[in-house]
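**Student:** In my numbering, the protein residues as written are 43 to 251. Think of the CB as a built atom: it goes at the ideal place given N, C-alpha and C, for glycine as much as any other residue.
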Amino acid sequence: MRTLLMSCLVLLLAAAWFQPASAAIRISELMADPATDWDHDGAVDFKLDEWIEVINTGTSPVNLQEYWVRDETATDPRFRLTGLVDPGETAVFYGSDAVAWQTANGQSTMGFSLNNGGDTLYLLQGPVGGPYQTLQDVPYPDHTADDDRSYGTVPDGDQWMLYDGLFPYGGTLDPPGSGCEPTPGEPNFCHGLVPDRETAFGTLKASFM
Ligand SMILES: [Ca+2]
Ligand SMILES: [Ca+2]
Ligand SMILES: [Ca+2]
């Protein structure tokens, strides 16, 4: 009996230890319609200045080499993520990174190809050549993809909101304007405020509007 209990305990510990880190990496923000030189190459470009951001929501560093992204119209990944991201930290990748990767891998240089009329960004995981497992899909509506508006998760939360501080949205579609600015490469925040995990989305929106 004791041996059986010990075996179960060992199995449980092993399961916890080997739990895939995949769930820890999440898409946190995206910029589909850039109007600023976000990648700092000296020019504004509709393709090269698009960007995507991921965050490590887990408790250990994650190597991004098995993570990929694609948009709705692509069947194969458009970009392989790279680098090590620490717990609570983000990594941002620009359209120019995607084009460089596509050039190096003999693919057509379409960048992320995030449609300005709405699209879906997929986060995938798998070895080179696949198969790829879809970890997350982020459909974003048309009005979130206009001139330097980004679409991102609420600060320290899972719901999605519009970061329209650079090009305010006054319409009635969901998500509404927030007045918050995009935060490429940083955990999402608004006006310096990073609410704690318990803050309700309604309270959060009220405090920013
Ligand atoms: Ca675009
Ligand atoms: Ca640029
Ligand atoms: Ca961010």
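Quick check on the contact list: which residues have their beta carbon closer than 7 Å to a heavy atom of ligand 5?
**Tutor:** No copy of ligand 5 occurs in the structure displayed; its ligands are ligand 1, ligand 2 and ligand 3 alone.
**Student:** So for S192, helix, strand or coil by DSSP?
**Tutor:** As a first step, residue 192 must be located in the sequence shown, where it is residue number 150. S192 falls in the strand class under three-state DSSP.
**Student:** Within the present structure, is the beta-carbon of L163 separated from the nearest heavy atom of ligand 1 by less than 8 Å?
**Tutor:** Your numbering for residue 163 matches position 121 in the sequence shown. Outside the cutoff, so no.
**Student:** Would you check whether ligand 1 has a heavy atom nearer than 8 Å to the C-beta of S220?
**Tutor:** Taking the sequence shown and counting its residues from 1, the one referred to as residue 220 is at position 178. It does not: the Cβ of S220 is nowhere closer than 8 Å to a heavy atom of ligand 1.
**Student:** Please confirm if P76 has its CB atom under 9 Å from at least one CB of chain C.
**Tutor:** In the structure shown, chain C cannot be found, because there is only a single protein chain.
**Student:** Applying the criterion that 16 or more other CB atoms from any shown protein chain within 10 Å of the CB defines a buried residue, is T176 buried or exposed?
**Tutor:** By 1-based counting over the sequence shown, the position of residue 176 is 134. Classification of T176: exposed, given that the 10 Å Cβ count is below 16.
**Student:** Measuring CA to CA, which of P119, I67, D81, A66 is closest to D190?
**Tutor:** For the purposes of this step, residue 190 is taken as the residue at position 148 of the sequence shown. Among P119, I67, D81, A66, the Cα nearest to that of D190 is on D81.
**Student:** Return yes when the C-beta of N98 is under 8 Å from any heavy atom of ligand 3, and no when it is not.
**Tutor:** One-based indexing of the sequence shown puts residue 98 at position 56. The answer is no for N98.
**Student:** Where are the beta strand (DSSP E) runs, 3 residues long or more, that stay fully inside the region 132-163, in chain order?
**Tutor:** Here the runs fully enclosed are 132-136.
**Student:** For ligand 3, is there any heavy atom lying closer than 8 Å to the beta carbon of L71?
**Tutor:** Sequence index remark: in the sequence shown, residue 71 carries index 29 (1-based). The sequence shown places Glu at residue 71, not Leu. E71: yes, Cβ under 8 Å from ligand 3.
**Student:** Could you name the residues of the same chain whose beta carbon sits closer than 6 Å to that of Y136, not counting the 5 residues immediately before and after it, in chain order?
**Tutor:** Within the sequence shown, residue 136 is the residue found at index 94, counting from 1. Within the same chain, Y136 has close Cβ partners D81, W93.
**Student:** Please find out if some non-hydrogen atom of ligand 1 comes closer than 8 Å to the beta-carbon of N147.
**Tutor:** Counted from its first residue, the sequence shown places residue 147 at position 105. Because no heavy atom of ligand 1 lies under 8 Å away, the Cβ of N147 does not count as near it: no.
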